[in-house]
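In case it helps, our numbering puts the sequence shown at residues 55 to 336.
We put the CB at the ideal spot given by N, CA and C, even for glycine.
These numbers were taken from a predicted model, which means no experiment stands behind them.
Contents: one structure, followed by commentary.
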Amino acid sequence: MAALRSLPARLDAGPFAGSRLVTVGALVILAIVAWAITGERMAGMDAGPGTDLGTLGFYLTSWVVMMAAMMFPSVAPLVAIYAGLQRGRRAKAMPAPAGATSFLVAGYLVTWTAAGLAAFGLFAAGRAVLGDQLAWDAGGRWVAAGVLLAAAAYEFTPLKNACLTRCRGPLSFILESWRDGRLGALRMGIEHGAWCVGCCWALMAALFALGVMSIAWMVVVALLIAVEKLLPWRAAATAAVAAVLVVLALGVAVAPGRVPALTVPAGDGAGAGMSTDMQLMR
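Right under this line is the structure:
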């Protein structure tokens, strides 16, 4: 561990800086590819708040690709630091198995996959229990606005603060949670993914409230996540994210037709048609 702690000071110099740039570049390219795939899969699927999720297989594959698109830019600092440390360990003839960085990323996606499955279950349970009460012309509009307000309030909770601290301090997380080997990297990725889910679950709930199949809202939520994780002005970033969520909540509640990029559900018949179309297409 002492040898590990001696490496970070060197990560911004020489080959380590180049290694970090390569890692970040690779993640950005993967994110761009994931955005392209997501755009193709989601084309014509946005029915606004309460959009049908389709079959579990379609939803799960789409969710994993969507997480890569939305989250890879924000998790890039963690992955870059880890890759740099691995390179430094090799330079010191310390154990650093090939492919460990990929296991770290895989572990991160495992956690978000589990979160996606939980979201699918909650969505299905809500529809089964509440049924027509969630229709847009019934309570759906107010549920969507309420979710957005709840997401804004969550920004100022102690749990959000604790999770965001871990997400904004990748080096501290790595030093505190370091485990050797590929399986160690996988476990680290799963653990960091759990902190990330704790940080971002409310923003993902906001995405469901606005239309989980909407590329435009995916981009907005991804930007909000990047703002609060990457910008140096933490308090201002948190306040800005909360303010955006409050404005969106008020727009959905008072004048949904005037909210840019928001698809206002046309009614239960349209929603059922969307569900049938998705089943047939996928």
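{"query": "Three-state secondary structure assigned by DSSP to Pro103", "result": "coil"}
{"query": "Cβ pair count under 8 angstroms reaching 3, the segment 122-130 against the segment 208-220", "result": "no"}
{"query": "Sequence-distant residues of the same chain with beta carbon closer than 7 angstroms to Ala160, five excluded per side", "result": "Leu240, Gly243"}
{"query": "Where Arg64 falls: helix, strand or coil (DSSP)", "result": "Because Arg64 sits at a pLDDT of 47, beneath the cut-off of 50, its placement in the model cannot be relied upon, and the following sentence gives the value as read from the coordinates. Of the three classes helix, strand and coil, the one that applies to Arg64 here is helix, per DSSP."}
{"query": "Whether Ala315 touches Ala256 by CB criterion (8 angstroms)", "result": "no"}
{"query": "Per-residue DSSP class, three states only, for Ala320", "result": "coil"}
{"query": "Pick from Ala248, Ala294, Arg143, Phe262 that is closest to Leu277, judged by C-alpha positions", "result": "Ala294"}
{"query": "8 angstroms Cβ cutoff met for Pro310 and Arg195", "result": "yes"}
{"query": "Delimiting residues of the alpha helix (DSSP H) encompassing Pro224", "result": "224-231"}
{"query": "Buried or exposed by the 16-neighbour rule on C-beta atoms within 10 Å, applied to Ile83", "result": "exposed"}
{"query": "Residues near Gly305 in its chain [Cβ-Cβ closer than 7 angstroms; skip 5 each side]", "result": "Arg312, Val313"}
{"query": "Length of the line joining the Cα atoms of Glu245 and Tyr162", "result": "8 angstroms"}
{"query": "Cutoff 8 angstroms; reference Gly180; Cβ partners in own chain excluding five residues on either side", "result": "Leu188"}
{"query": "Residue from Ala173, Ile269, Cys253, Pro151 whose Cα sits closest to the Cα of Arg233", "result": "Pro151"}
{"query": "Where Leu334 falls: helix, strand or coil (DSSP)", "result": "The predicted model places Leu334 with a pLDDT of 38, which falls under 50 and marks its position as unreliable; any figure quoted below should be read in that light. Residue state, collapsed to three classes: helix."}
{"query": "Neighbourhood of Tyr113 by C-beta distance below 7 angstroms, restricted to the same chain and skipping five residues each side", "result": "Leu107, Phe174"}
{"query": "Supposed contact pair Leu203 and Val300 - C-beta distance, whole angstroms, cut 8 angstroms", "result": "7 angstroms"}
{"query": "Neighbour-count burial assignment, Arg74, 16 or more Cβ in a 10 Å radius", "result": "buried"}
{"query": "Alpha-carbon to alpha-carbon, Pro319 and Ala326", "result": "Reliability fails at Ala326, whose pLDDT of 39 lies under 50, so the model's placement of it is uncertain and no value is given."}
{"query": "Beta-carbon proximity of Val201 to Ala263, cut-off 8 angstroms", "result": "yes"}
{"query": "Where Leu61 falls, given that 16 or more other Cβ within 10 Å makes a residue buried", "result": "Residue confidence is low: Leu61 scores 46 on pLDDT, short of 50, so the model does not pin down where it sits. Its coordinate-derived value is still stated next. Classification for Leu61: buried."}
{"query": "Reduced DSSP secondary structure (H/G/I, E/B, other) of Thr109", "result": "coil"}
{"query": "Supposed contact pair Met120 and Met272 - C-beta distance, whole angstroms, cut 8 angstroms", "result": "6 angstroms"}
{"query": "Same chain, Cβ closer than 6 angstroms to Ala199, five either side skipped, listed in chain order", "result": "Ala303, Val306, Ala307"}
{"query": "Proximity below 8 angstroms, CB of Ala103 to CB of Gly265", "result": "Correcting the residue type first, residue 103 is Pro in the shown sequence and not Ala. Taking 8 angstroms as the Cβ cut-off, Pro103 and Gly265 qualify as a contacting pair."}
{"query": "Length of the line joining the Cα atoms of Gly223 and Val275", "result": "21 angstroms"}
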